[in-house]
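Using this note's numbering, the first residue of the sequence shown is number 2, and each one after it goes up by one. Ideal Cβ positions, reconstructed from N, Cα and C, are used throughout, including at glycine.
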Amino acid sequence: IWRLFLIVCLALLVPVVPFLVFGDSVDGQVEQWLTPPPPDWQLALLTVGVLSTDILLPVPSSLVSTLAGAQLGVAAGTAASWLGMTLSAALGFGLAKNFGRSLALRYCRPDDLARLDHFGWRFGAWTVAMTRALPVLAEAAVFVVGLSELSWRRFLPAMMLSNLGIALVYAVLG
2 IWRLFLIVCL
12 ALLVPVVPFL
22 VFGDSVDGQV
32 EQWLTPPPPD
42 WQLALLTVGV
52 LSTDILLPVP
62 SSLVSTLAGA
72 QLGVAAGTAA
82 SWLGMTLSAA
92 LGFGLAKNFG
102 RSLALRYCRP
112 DDLARLDHFG
122 WRFGAWTVAM
132 TRALPVLAEA
142 AVFVVGLSEL
152 SWRRFLPAMM
162 LSNLGIALVY
172 AVLG
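Structure, rendered in structure tokens:
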């Protein structure tokens, strides 16, 4: 079980380490891009692009989504934020599903992975849905359930619907 715990800790580090390394420079770069504000279509593309990298880079998604809502309006801000967050989560899940399992097999015992599979099957979709609004935990949950045997068919609806709710709330707040 300790090896499985180590895998979860490593999943938590994926979004934290880039934040520690690049956090300040990313904040400064975003501020430069938005002075003066770009046209709406460029801001929408920028929102999608920035949020789609959130799985691997330190992106303040709540700030980006709220800004998108303020600049683009509720409908367009929601759509851009939802698309970016959805692409990001799908990328992380796909990476974990395609490459993480073989890595986990090297470091975990088969019974540990069987427990992870059982967790993913029973609680994976709910875990994704409930953590999407939580910084760091959202990304870690995507990686962890991607390591399990959770299917795309069960992952996508939970992730997409929770992203839609989050994007709408942030756009309205903007």
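Problem set entry | Cβ-Cβ distance between serine 62 and proline 136 below 9 angstroms | Reading the sequence shown from its first residue, position 61 is the one you call residue 62. Reading the sequence shown from its first residue, position 135 is the one you call residue 136. Against a cut-off of 9 angstroms, the Cβ pair of proline 136 and serine 62 comes out as a contact.
For this session: May I have the straight-line CA-CA distance separating leucine 64 from serine 103, to the nearest angstrom?
Result: Along the sequence shown, one-based indexing puts residue 64 at 63. Along the sequence shown, one-based indexing puts residue 103 at 102. Answer to the nearest angstrom: the Cα atoms are 35 angstroms apart.
For this session: Return the CA-CA distance between tyrosine 108 and serine 149, expressed in angstroms with no decimal places.
Result: In the sequence shown, counting from the first residue as 1, residue 108 sits at position 107. In the sequence shown, counting from the first residue as 1, residue 149 sits at position 148. Distance between the alpha carbons of tyrosine 108 and serine 149: 14 angstroms.
For this session: Sort Val143, Leu151 and Leu96 by Cα distance to histidine 119 and report the nearest one.
Result: On the sequence shown, residue 119 is found 118 positions in, with the first residue counted as 1. When only C-alpha atoms are compared, the closest one is Leu151.
Exercise. So what does DSSP say about cysteine 10, is it helix, strand or coil?
Worked result: Residue 10 sits at position 9 when you count from the first residue of the sequence shown. Residue state, collapsed to three classes: helix.
Exercise. Pick from Leu57, Trp42, Met131 and Leu106: whose alpha carbon is nearest that of alanine 77?
Worked result: Translated into the one-based positions of the sequence shown, residue 77 becomes position 76. Per the Cα distances, Trp42.
For this session: Take every Cβ of the segment 41-56, pair it with every Cβ of the segment 81-100, and state whether three or more of those distances are shorter than 8 angstroms.
Result: yes
For this session: Could you tell me which of Arg154, Thr87, Val145 and Ala105 sits nearest to isoleucine 167, measuring between CA atoms?
Result: Your numbering for residue 167 matches position 166 in the sequence shown. Measuring from the Cα of isoleucine 167, the nearest candidate turns out to be Thr87.
Problem set entry | Endpoints, alpha helix (DSSP H) assigned at aspartate 55 | Along the sequence shown, one-based indexing puts residue 55 at 54. Unbroken run through aspartate 55: none, as it is neither H nor E.
Exercise. Which residue's Cα is closest to the Cα of leucine 7: Trp153, Ala80 and Leu106?
Worked result: Sequence index remark: in the sequence shown, residue 7 carries index 6 (1-based). Closest by alpha carbon: Leu106.
Exercise. Sorted by chain position, which residues of the same chain lie with C-beta nearer than 6 angstroms to alanine 130's C-beta, five sequence neighbours on each side aside?
Worked result: Residue 130 sits at position 129 when you count from the first residue of the sequence shown. Cβ within range, chain order: Ala159 and Ser163.
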